[in-house]
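FYI, the UniProt record's numbering numbers position 173 of the sequence shown as 173, with every residue one higher than the one before it. Some notes on the structure that comes next.
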Amino acid sequence: MKKNWWKALAVVLLLYVAVAGLLMPVPRLAILNESIRNLYFHVPMWFGMTFILVASVYYSVRYLRTPTPELDILAHESAKTGILMGVVGLATGSIWARYTWGAWWTNDPKLNGAAIAMLIYGAYLVLRSSFTDEQQRARISAIYNIFAFATAMPLFYILPRLTDSLHPGAGGNPAFAKYDLDSNMRLVFYPAVIGWTLLAFWLAQVASRLSLLKQKVYEKQLA
Numbered sequence: 001m002k003k004n005w006w007k008a009l010a011v012v013l014l015l016y017v018a019v020a021g022l023l024m025p026v027p028r029l030a031i032l033n034e035s036i037r038n039l040y041f042h043v044p045m046w047f048g049m050t051f052i053l054v055a056s057v058y059y060s061v062r063y064l065r066t067p068t069p070e071l072d073i074l075a076h077e078s079a080k081t082g083i084l085m086g087v088v089g090l091a092t093g094s095i096w097a098r099y100t101w102g103a104w105w106t107n108d109p110k111l112n113g114a115a116i117a118m119l120i121y122g123a124y125l126v127l128r129s130s131f132t133d134e135q136q137r138a139r140i141s142a143i144y145n146i147f148a149f150a151t152a153m154p155l156f157y158i159l160p161r162l163t164d165s166l167h168p169g170a171g172g173n174p175a176f177a178k179y180d181l182d183s184n185m186r187l188v189f190y191p192a193v194i195g196w197t198l199l200a201f202w203l204a205q206v207a208s209r210l211s212l213l214k215q216k217v218y219e220k221q222l223a
């Protein structure tokens with residue numbers, strides 16, 4: 001139980017975010033209005049995605065130094081979880097755009113960059129499925145995973161800030177100015193970041209354990 005304290009914390013934080021995020025008062029900002037509550041869900045998902053992708057790259061680097069099936073599985077499942085968080089983040093962002101910008105998608109540098117980054121990571125899954133040799137698949141996937149992270153992160157966080165955009169966080173705007181996030185919203189937003197990040201690691205852990213069990217069963221069948 002002591003090892004699972006962070007899972008309990010994730011549940012508590014996400015329940016708090018769900019309740020407080022929907023019921024606590026929010027600033028009445030032009031265009032955003034009540035849709036600003038999506039900030040508690042949309043943005044923290046991207047944080048969770050980023051942290052779990054960092055973990056995935058960490059496991060890939062470790063695999064290249066010390067190749068083991070366990071490290072390959074951890075890298076793979078962490079990447080899959082990151083992709084899931086990113087796709088849901090794109091979906092919630094698209095819904096938000098519909099209510100604030102009047103369109104599900106716009107030709108915006110930040111949106112396009114995020115979509116391209118997700119396609120790069122989607123290619124990671126396609127790449128893995130194209131190899132039958134396990135060691136070759138694991139090694140090439142680890143190399144590509146590092147490349148994908150190095151390519152995707154600038155598309156998410158650097159290039160959009162160098163251009164003008166409808167999306168907060170562009171043109172040098174850090175996206176957390178007084179206009180974007182007042183003191184009351186921070187009471188929900190920061191716990192949301194922690195909660196969604198912990199959820200990402202939880203999902204990756206469960207998926208990794210399941211994959212490890214499947215591998216052990218497969219090895220016993222071959223023995």
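Note that beta-carbon positions come from the ideal geometry of N, C-alpha and C, so glycine has one too. These figures come from a predicted structure and were not determined experimentally.
With DSSP as the reference, label residue i as helix, strand or coil.
i: N145; result: helix
i: R28; result: coil
i: T132; result: coil
i: A75; result: helix
i: W101; result: coil
i: P67; result: coil
i: T106; result: coil
i: L199; result: helix
i: L14; result: helix
Could you give the distance in angstroms between the alpha-carbon of residue i and the alpha-carbon of residue j?
i: A148; j: T68; result: 21 Å
i: Y218; j: L64; result: 24 Å
i: R161; j: A152; result: 14 Å
i: Y144; j: A91; result: 25 Å
i: F47; j: S211; result: 25 Å
i: T197; j: K2; result: 19 Å
i: V126; j: I116; result: 15 Å
i: M85; j: I158; result: 20 Å
i: Q215; j: A207; result: 12 Å
i: I52; j: A200; result: 6 Å
Run the CB neighbour count on residue i, radius 10 Å, all protein chains shown included, and call it buried at 16 or more, exposed below.
i: P44; result: buried
i: P154; result: exposed
i: R37; result: buried
i: P25; result: exposed
i: E77; result: buried
i: Y40; result: buried
i: Y59; result: buried
Spatial neighbours of residue i within its chain, please: C-beta separation below 8 Å, excluding the five flanking residues on both sides.
i: Q135; result: P67
i: G122; result: I83
By Cβ distance, which residues of its chain are closer than 7 Å to residue i, with the 5 residues on each side in sequence left out?
i: V19; result: none
i: I120; result: A148, T151 and A152
i: L103; result: Leu is not the amino acid found at residue 103; the sequence shown has Ala there. Around A103: A97.
i: V57; result: N145, I146 and F149
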